[in-house]
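All the letters of the sequence shown, read from the start, carry residue numbers 0 to 75 under numbering that gives the first Met the number 0.
The C-beta atom is built at its ideal place from N, Cα and C for all residues, glycine as well.
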Amino acid sequence: MNSTKIMVNGALMDKNFFEENIQEAKACSWEEKSMTIIANHGHCIVCAIALPNKKSDRFFASGSLLLCDHCYKNYL
């Protein structure tokens with residue numbers, strides 16, 4: 000079975016997986032944070048990009064979940 004792939008913030012991912020991640024993200028309350036506070040690293044729950052990174056100086060957090068600036072601006 001072929002699944003539809005889409006490009007999201009530089010990552011090729013399954014469209015259904017992406018849509019499920021967006022729904023999860025929309026159900027959360029997000030708070031803007033500075034990228035400098037991430038001690039180790041994490042990943043955006045929508046596009047899976049590693050955080051921190053040089054694409055932005057901010058990210059969004061909801062508890063232990065992280066969301067990159069790109070996904071927050073474009074999908075929420």
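- Burial check for residue 15: the Cβ neighbour count within 10 Å stays below 16, so the residue is exposed.
- In the displayed model, residue 56 falls within coil according to three-state DSSP, outside both helix and strand.
- Per the DSSP secondary-structure output, residue 42 pairs in a beta bridge with 49.
- Under the three-state reduction of DSSP output, residue 37 falls in the coil class, being neither helix nor strand.
- Under the DSSP definition of a beta bridge, residue 13 partners with 4.
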